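The numbering of the sequence shown is my numbering, which starts it at 2 and goes up by one. Don't be surprised by glycine CBs; every beta carbon is placed ideally from N, CA and C. Model, not experiment: these values are computed from the prediction. Below: the structure, in structure tokens.
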Amino acid sequence: QVQFVESGGGLVQPGGSLRLSCAASGVTFIFRGYAMSWYRQAPEKEREWVATISELGVGTNYADSVKGRFTISRDNSKNTVYLQMSSLRPEDTAVYYCNIHPVGANWGQGTQVTVSS
């Protein structure tokens, strides 16, 4: 069973930047064998997909709403996936989660990102 621990969220002004991290662990979980994704859930909204990175980090894909502003990356030696967020907007305010791709059943606690002046 895989576990995810997200971190790096906080309060930032519009136009600012944050870097999120997600550490994955599990007795039988082979991190480098899975594509990984970031998701987010804003208040009173459905959870939505943000970005995906392939198993070796060669391929990436982004939601239109974050394309050109967010960058997903991974370090397979640390079982960690990252989300570099720039030019943040108030509508990016949400709890951010990571998961395998396609999405699995287990979710971490997420990390809160608030974009406000």
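{"Check": "Contact belief for S26 with Y83 at Cβ below 8 Å, rounded distance in angstroms", "Outcome": "Contact doesn't hold; Cβ gap of about 16 Å is too wide."}
{"Check": "Among S88, G111, E56 and E47, nearest to M37 - alpha-carbon criterion", "Outcome": "E56"}
{"Check": "Validate contact between the stretch 45-62 and the stretch 75-90 using beta carbons, cut 8 Å, 3 pairs", "Outcome": "yes"}
{"Check": "Stretch-stretch touch, CB-based, cutoff 8 Å, three pairs: the stretch 3-14 with the stretch 63-81", "Outcome": "no"}
{"Check": "Residues sharing a beta bridge with E49, DSSP", "Outcome": "R41"}
{"Check": "Neighbourhood of F32 by C-beta, 7 Å cutoff - its chain only, sequence neighbours within 5 removed", "Outcome": "A25, N77 and N80"}
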